[in-house]
Amino acid sequence: MKKVNVSLRPIVSNINLPTVIKTAVLPGDTMESMFVATQLGEIFYIRNRIARLFLDIRQRIIELGANGGYDERGLLGLAFHPNFYYNGLFYLHYSKAGTQGQGALSDSFQPNPCEPETLSLRWVNRNTQYDHIDTVEEWILQPSGQSQRRRTLL
49 MKKVNVSLRP IVSNINLPTV IKTAVLPGDT MESMFVATQL GEIFYIRNRI
99 ARLFLDIRQR IIELGANGGY DERGLLGLAF HPNFYYNGLF YLHYSKAGTQ
149 GQGALSDSFQ PNPCEPETLS LRWVNRNTQY DHIDTVEEWI LQPSGQSQRR
199 RTLL
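Counting along the sequence shown from 1, when you hit position 123 you're at 171 in the numbering used here, and nothing is skipped either side.
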């Protein structure tokens with residue numbers, strides 16, 4: 049067995065309660081960015097060790113820790129549409145303020161990216177529907193021998 053040395057270093061600071069870390073290329077951009085969603089309802093994208101706000105839905109998130117202690121609710125999921133670079137669509141899974149249920153976007157809903165007013169789909173039956181949103185990212189080998197990155201929305 050070959051011994052490998054691994055070290056960790058911070059890439060950004062002052063992002064509290066991260067729940068999701070993803071990478072994507074913004075529409076019209078040429079460089080992949082890291083996206084970090086927080087339980088509080090903020091999504092940042094990071095480039096060159098600088099965090100910039102991508103979306104802020106804190107006012108739409110249920111008040112966390114209202115009864116004291118740990119809270120599992122908040123902004124819990126972020127998934128980029130497999131064609132995000134071309135259509136700008138992304139999906140969120142979050143606990144909506146004023147409800148006990150979850151708020152989420154579905155693939156049949158066409159939001160205007162980064163417009164909080166478009167986040168309004170309510171789940172009918174949380175117990176029989178998925179309570180997680182994500183994409184599977186994989187590399188496939190084309191018959192030509194070229195590799196291709198593919199994302200599938202779950």
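Yeah, the Cβ is synthetic: ideal placement off N, Cα and C, and Gly gets one too.
Look at Arg-121 here: in three-state DSSP terms it is coil, with no helix or strand label.
Taking 8 Å as the cut-off, the Cβ atoms of Leu-140 and Leu-123 count as close. In the structure shown, the three-state DSSP call for Arg-95 is strand. Leaving aside the five residues that flank Arg-121 on each side, the residues in its chain whose CB is nearer than 7 Å to its CB run, in chain order, Ile-110, Leu-112 and Ser-143. Proximity to Thr-86 across Arg-95, Pro-75, Val-73 and Ser-61 peaks at Ser-61, based on C-alpha coordinates. With 16 or more other Cβ atoms from the protein chains shown falling within 10 Å of its own Cβ, Gly-89 counts as buried. For Arg-57, the secondary structure class from DSSP, reduced to helix, strand or coil, is coil. Residue environment: Ala-127 is assigned as buried (16 or more neighbouring CB atoms within 10 Å of its CB, all protein chains considered).
Apart from sequence neighbours up to five positions away, the residues of its chain that approach Ile-63 with a beta-carbon distance below 7 Å are Val-84, Thr-86, Phe-92 and Ala-99, ordered along the chain. Val-68 has Ala-85 as its beta-bridge partners, per DSSP.
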